[in-house]
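Have a look at the structure below, then the notes.
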Amino acid sequence: MTGPAPSSLRPEHPVARPLAQLVAEFGLDSRGDLDGVEVTGAALASSAVEPGDLYVGVPGRNAHGASYATAAAEAGAVAVLTDEEGAELAAESGLPVIVTPDPRSALGAVSAWIYRTDENSATLFGVTGTNGKTSVVY
Numbered sequence: 005m006t007g008p009a010p011s012s013l014r015p016e017h018p019v020a021r022p023l024a025q026l027v028a029e030f031g032l033d034s035r036g037d038l039d040g041v042e043v044t045g046a047a048l049a050s051s052a053v054e055p056g057d058l059y060v061g062v063p064g065r066n067a068h069g070a071s072y073a074t075a076a077a078e079a080g081a082v083a084v085l086t087d088e089e090g091a092e093l094a095a096e097s098g099l100p101v102i103v104t105p106d107p108r109s110a111l112g113a114v115s116a117w118i119y120r121t122d123e124n125s126a127t128l129f130g131v132t133g134t135n136g137k138t139s140v141v142y
């Protein structure tokens with residue numbers, strides 16, 4: 005018997021990483037003071053932000069996610085990752101802003117760096133044969 009399913013896929017006790025190091029490693033443009041700012045997570049929705057998170061504001065169909073940067077700051081976000089349009093919207097939040105042309109495509113690599121999963125490659129298994137594949141992997 006297995007225990008209850010985790011309530012979130014987010015790592016529970018992430019180790020803080022310097023935001024300036026993220027900017028340097030990814031060659032990103034930053035606006036605002038990054039000295040001493042450490043990041044422990046990433047969130048794509050302002051309602052999902054936890055203290056220490058990097059809030060990622062992406063363009064949407066009806067609104068730009070960066071327009072919610074102030075709400076993200078109130079929830080504990082330490083910075084915003086967004087595009088040029090979003091940088092203007094996020095400026096009023098008072099958070100440092102990191103700019104990339106396509107924050108949605110950068111999110112995976114940035115999250116892997118923050119959560120330190122970029123060094124871990126997934127193990128891939130293949131099950132082949134005529135009979136029993138479903139039973140074996142179920």
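Note that the numbering used here has the sequence shown beginning at 5, numbered continuously upward. Think of the CB as a built atom: it goes at the ideal place given N, C-alpha and C, for glycine as much as any other residue.
query: According to DSSP, is T74 helix, strand or coil?
result: helix
task: For D37, count neighbouring Cβ atoms within 10 angstroms of its own Cβ and tell me buried if that reaches 16, exposed if not.
output: exposed
query: Mind checking whether A75 and D57 have CB atoms under 9 Å apart?
result: no
- request: Compute the Euclidean distance between the alpha carbons of A81 and T132, then round it to the nearest angstrom.
  value: 46 Å
message: With a threshold of 8 Å, are at least 3 pairs of Cβ atoms found where one atom belongs to the region 61 to 79 and the other to the region 24 to 36?
response: no
message: For the pair the region 83 to 99 and the region 53 to 72, tell me if three or more CB-CB distances fall below 8 Å.
response: yes
- request: On the DSSP bridge assignment, give the partners of E42 in chain order.
  value: P22
- request: With a threshold of 16 other CB atoms inside 10 Å of the CB of T138, please say whether the residue is buried or exposed.
  value: exposed
query: In this structure, does DSSP put T86 in helix, strand or coil?
result: strand
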